[in-house]
Amino acid sequence: MYDKKVAIIIKDDLLPWQKLNVVSFLAGSIAIEFPETHGEKFITADHEEYLAFIKHPTLIYKADNAEKLQRAFRRAKDRELAIGIYTQQLFATRSGEENVLEIAKHTTDNLDLVGMIVYGENKKVDKALNGLKYHE
């Protein structure tokens with residue numbers, strides 16, 4: 022059993038392609054920031070190498086509305102978990118640089134979150150996300 026967990030929370034009313042896009046970007050943010058989350062490369066019997074996975078469980082939750090997502094966000098901040106964010110405005114950007122500039126326009130209290138990722142101790146993650154259901 023792992024002592025840490027990765028959890029992604031997605032607003033349930035997004036289009037399917039948007040949900041997948043948000044999950045992809047957010048999962049990458051944990052892998053970039055926390056090298057200890059990296060598993061080992063896969064090597065086949067004929068010595069071909071393939072990329073490693075994130076080694077911690079990654080659970081996907083849904084937030085039925087913006088309030089539930091904001092509640093999870095506040096609770097994760099209160100528990101000092103590592104948090105990555107994705108806002109509605111990022112669907113209109115075209116580069117990493119534009120993403121950074123877009124987020125910089127908003128205060129933390131005014132982020133229009135559509136997804137977030139948290140990483141940390143199992144118990145803290147569970148408490149932060151209390152009441153959310155797994156994505157189907």
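Each residue of the sequence shown is one higher than the one before, starting from 22 at the first, in the working numbering.
A virtual CB, placed ideally from N, CA and C, is assigned to each residue, including glycine.
Please read these numbers as outputs of a predicted model, since none were measured by experiment.
Taking 9 Å as the cut-off, the beta carbon of ALA149 is found closer than this to the beta carbon of VAL139. Between the stretch 59-77 and the stretch 102-118, the count of C-beta pairs closer than 8 Å stays below three; the two stretches do not touch. Look at LEU134 here: in three-state DSSP terms it is strand. In the DSSP assignment, ILE124 falls within the unbroken alpha helix (DSSP H) covering 117-125. Going by DSSP, LYS26 is part of the beta strand (DSSP E) stretching over 25-32.
For ALA97, the enclosing alpha helix (DSSP H) has its first and last residue at 87-99. HIS77 counts as buried, since at least 16 other C-beta atoms from the protein chains shown sit within 10 angstroms of its C-beta. Using a 10 angstroms sphere on the CB of GLY49, the tally of other CB atoms stays under 16, which defines it as exposed. The closest CA to that of THR128, considering only ILE106, GLY141 and TYR23, is found on ILE106.
Taking 9 Å as the cut-off, the beta carbon of ILE53 is found no closer than this to the beta carbon of VAL43. The C-beta separation of LYS25 from GLU142 comes to about 6 Å, placing the pair in contact by the 8 Å criterion.
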